[in-house]
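J.: Taking the working numbering as reference, the numbering of the sequence shown is continuous, increasing by one, and the terminal residue is 95. The structure follows.
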Amino acid sequence: MAPIQSVLSHLKRLDSRCVEAHIEENDYTIYTYDDLEYAFNLAKSSVDKKLDFIQNQVLFPPFCGL
Numbered sequence: 030m031a032p033i034q035s036v037l038s039h040l041k042r043l044d045s046r047c048v049e050a051h052i053e054e055n056d057y058t059i060y061t062y063d064d065l066e067y068a069f070n071l072a073k074s075s076v077d078k079k080l081d082f083i084q085n086q087v088l089f090p091p092f093c094g095l
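Shown next as structure tokens:
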């Protein structure tokens with residue numbers, strides 16, 4: 030996730046520069062930086078939850094009697 034996070038940081042800087050230059054529209058995409066950040070945070074949350082679930086399954090298998 031770190032490589033994606035660094036790309037997102039770069040996009041944030043570019044978005045700030047566009048705002049400063051009063052560029053409000055991008056003909057190449059319908060997504061804003063906020064859309065991308067939101068989607069990234071959802072994906073990251075989902076991966077973190079799945080990882081926690083897998084780690085718990087490794088530590089406490091369902092049939093270990095605990």
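For every residue, glycine included, the Cβ atom is placed at its ideal position computed from N, Cα and C.
Check for me: the alpha helix (DSSP H) holding F89 runs from which residue to which?
T.: Where F89 is concerned, there is no enclosing alpha helix (DSSP H), given that its DSSP letter is neither H nor E.
J.: On a Cα-Cα basis, can you pick out the residue from Q86, T58, L65 and A50 that is closest to K41?
T.: Here the closest residue by C-alpha is L65.
J.: Confirm, please, whether the CB-CB distance from Y67 to D44 is below 9 Å.
T.: Cβ distance not < 9 Å, so D44 and Y67 don't count as in contact.
J.: Check D56 in the structure and name its three-state DSSP category.
T.: Looking at D56 - three-state DSSP - the assignment turns out to be coil, as it is neither helix nor strand.
J.: Give the straight-line distance between the Cα atoms of M7 and Y60, rounded to the nearest whole angstrom.
T.: Here the chain has residues from 30 to 95 only, and residue 7 is not among them.
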